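Residue numbers (our numbering), protein chains in the order written: chain A, 1 to 531; chain B, 532 to 982. Every residue gets a Cβ at the ideal spot worked out from N, C-alpha and C, and that includes glycine. Since the model is a prediction, treat every value here as computed from it, not as a measurement. The next block holds one structure in the form of structure tokens; read it before the comments.
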């Protein structure tokens, strides 16, 4: 090793420059008392400017990881079995590493992540609540993790039972009549929901309904899902952050198939006139779809089946399954009876004698939306979660989530603008526009938060609030954690006034400082191969 | 159980801090008529101990809870998962993080995805790959969206034995009217360039090929890709990543996109999900790619870092004009795939594929001597083989299970005409003794069925 590569990266040139940049603005000792320590990852010796080498840089010709058994059957020659053109000429340039090298690489990489088990992750609309560990363990039981969907039904009765039971539990919790667990994520649930509505109207001969009304505060997946079924989106302007019944009346017509509503809205407010809106929508012959991303606010409090025709759920949000660094999720769709004939297939049915079987997609079904029956491992976790909470624990979800959000909102109002000043549900939206006069933007606040070992909230969404900061603490954060988070947020608002450079230059303590996203898009480098 | 830490005193203090007398005061916007009246109709809470017993008993009803040798494939394969893989993949740092919206505290997740993209590009012989899609079906569906947008044409031509579930998903997402199926040659199980030529034309956006196909047979890939290109259509290949260790990569043969199911790279079968769709293509198509893509950049001090890039394709920016509605995908499974490819490495993946090849060919040799059983198609195959039985495969499978073996996939999944086909995949996990046990069970099942 050269002296340079042997030196710890904290002493590398780039890092020295950063240390210098930090020095004048790092708060004096004691000023952070009561706050979590700044994250200080242990870094391996690496060349300057590299936090962790790539696999391709760690690979050494001839190193081997996991070995396989010798072949115990009479051998066939590959050349005899395959045409010459089909035989790969050059082995794929995959890494050559020993097992410990692989483990250290990924373990070091893992330490560069903020994660829920380390600290608060208050991303609005993402419901980053605690992920119970028992649920993971149950999903990986050999009987669950090893079950094959092409096995005959008698071989996978347990898997079919989980699906059947979870459908029933979700129907009971949401107040709908039937549930499909096939969609792999919320966006796929939305798409499936739109397909169900399309099939429903096709069966009624109302194929002229090709428009979907979507409020301007909606998640981006809503219009994208509508577009994916070939329909057009009509944006509904909100009024004071709410559904505007007058605008809704104007927009409804014989060509409207559905209205997609997020309840509570992405502003964290319950739409109080949802029943009136539903009556208008149904009178116009359209269907009312609920984007269930925010169902955490409603568990045990409101059964959407009472008002809506269909909804999707995000099991990785409301039902606590881990987010996995960006999936897997699961996006079940719950419907009223009139939409059941159109659900994706195959579906699980309890057959004669109590055995479960797979019923092929009916002629009326919209068809298949997943390779198999959905993200089963996620379904096992959600089943376990619901069973572990019971009726009281489920009702506690929305109760404590609402309490936590309101508590934080009141703590932070004043230091940040509160565009809609009334009690919120499970989340709320602040605006960082009041800091603009100091040259500080919401993105700066988000980056500064990272210095204190907390994740930033969702920012710049919903689009209808300028400099938006969308905060969802979830029910599993304790009062102590909420107070810590609030104290950091208040401190940053104060820094914005007194020492804005400390905010606009953040983050200071993370494994890398602010990254150049523009350059990534301009000079595309998407693989390690030299291009 | 409860995962909420809250005392009554804390609750009171919080309400006081908010400035309300009771919790009800926070619900002023929720009409009483809409509120749930009484407890939810779900069973009483189970403790962790009770839950373990309950779910454990349900899991025990699956054959997978016992050591029943499985010869099932059909896109999902029973491969050995090294112990080091779950140890690392299931760390809280990976499991309990989300989509890397703040890259400065998500470099672990982001670099892993960059490495995943790099290795998928390497295996498929293409320039770029995305961060993953839901599964094989979604990868095929999204490839067709890209092809339609790229060519301005709407027709999707499915060449022969594409996974039937992928073809069904194409119908669901794109409309059955846009999907044309070209039948495979009944003697070879693959599609002839002539048959493909007859089915494609000026409205064809893409041809969907599978390599090896659903029957395990190896299509005449280069000829089919050239046929697609001659008609101005894109050639999309759904490939098995384990097979790609031994097979000439689709990119080298001229494919525009190579997509597929990555479960076989270190992820449990998990009853079909969560699995992982991969999506690779030529670089000129990258601005039409679906889902997340990670790119390399630098931070303010010039250190290398990784970020989500080309986000203007995505739904949260472009809304209805997005290239896809995909948001959350399969990050954790892509991580498992990445660790698997690292642990097995260059030689290890070849060894896995070679063992699968040898064991499947040995199984076929054993099957050939069973009266009434023959290899269904006169084509090359690699790690899965279609056998033709003298009775419906479903009957043989039922009998086989009684004898303690999962014989294979029922060909009826592909269609009624294939009901006598049994698809057999012997992975590196199957020992010679298990294959012999399988052959004996097959012989008995066939004899029993013929009676």
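Not flagged as an interface residue toward chain A: residue 600/B, since no C-beta distance is shorter than 8 Å. Shown here, residue 312/A sits in a strand according to DSSP, grouped into three states. Per DSSP, residue 469/A is one residue of the beta strand (DSSP E) stretching across 468-471. Between residue 127/A and the set 500/A, 425/A, 517/A, 501/A, the nearest pair of CA atoms involves 425/A.
Under a criterion of Cβ atoms nearer than 9 Å, the residues of chain A adjacent to residue 860/B are, in order, 184, 185, 326, 327, 328, 329. The segment 199-258 of chain A is shown to contain whole beta strand (DSSP E) runs of 3 or more residues at 211-215, 232-236, in chain order.
The criterion of a C-beta distance shorter than 8 Å is satisfied by residue 247/A and residue 236/A.
For a Cβ distance threshold of 7 Å, residue set 76, 81 of chain A lies close to residue 892/B, ordered along the chain. For the segment 675-694 of chain B, the set of residues with a beta-carbon nearer than 9 Å to any beta-carbon of chain A comprises 676, 694, in chain order.
Take residue 138/A, set aside five residues on each side of it, and the residues of its chain with a beta-carbon closer than 8 Å to its own are 144, 380, 381, 384, in chain order. Rounded to the nearest whole angstrom, the CA to CA distance from residue 598/B to residue 153/A is 17 Å. Between the beta-carbon of residue 96/A and that of residue 62/A there is about 6 Å, and that keeps the pair under the 8 Å contact cut. DSSP places residue 735/B in the uninterrupted beta strand (DSSP E) bounded by 735-742. Two segments are said to touch when three or more pairs of C-beta atoms, one from each, lie closer than 8 Å; by this definition the segment 369-379 of chain A touches the segment 179-187 of chain A. In the DSSP assignment, residue 549/B falls outside any beta strand (DSSP E) and lies within the alpha helix (DSSP H) extending over 539-549. DSSP, reduced to helix, strand and coil, places residue 338/A within a helical segment of the structure shown. Against chain A, the CB of residue 773/B has no partner CB under 8 Å away; the residue lies outside that interface.
It is roughly 6 Å from the alpha-carbon of residue 328/A to the alpha-carbon of residue 860/B. Relative to residue 724/B, the option among 760/B, 915/B, 633/B, 700/B whose CA is nearest is 760/B. Contact check for residue 812/B against residue 657/B passes: the beta carbons are separated by less than 8 Å. Take residue 347/A, set aside five residues on each side of it, and the residues of its chain with a beta-carbon closer than 6 Å to its own are 359, in chain order. At a beta-carbon threshold of 8 Å, the residues of chain B lying near residue 136/A are 621, 626, ordered along the chain.
What residue 116/A touches in chain B, judged by beta-carbon distance under 9 Å, is 623, 626, 627, 628, 629, going in chain order. The Cβ neighbour count for residue 706/B, taken over all protein chains shown within 10 Å, is under 16; the residue is labelled exposed. Nearest CB-CB separation between residue 744/B and chain A: not below the 8 Å threshold.
For residue 287/A, no alpha helix (DSSP H) encloses it; the enclosing beta strand (DSSP E) starts and ends at 287-292. Uninterrupted beta strand (DSSP E) stretches at least 3 residues long and entirely within the segment 798-878 of chain B occur at 808-812, 825-829, 835-839, given in chain order.
For the C-beta of residue 702/B, the chain A residues within less than 7 Å are, from N- to C-terminus, 367. Nearest Cα to residue 398/A within the set 566/B, 538/B, 669/B, 588/B: 566/B. By the Cβ rule, the segment 265-276 of chain A counts as touching the segment 555-569 of chain B, because three or more pairs are nearer than 8 Å.
Contact check for residue 221/A against residue 661/B fails: the beta carbons are separated by 8 Å or more. The beta carbon of residue 680/B lies closer than 8 Å to those of 819, 854 in the same chain, with the five residues before and after it left out.
Taking C-alpha positions only, residue 441/A is separated from residue 775/B by approximately 48 Å. In the displayed model, residue 409/A falls within a helix according to three-state DSSP. Under the 8 Å criterion on CB atoms, residue 562/B is classed as interfacial with respect to chain A. Using beta-carbon distances, residue 479/A counts as an interface residue toward chain B, with a partner under 8 Å.
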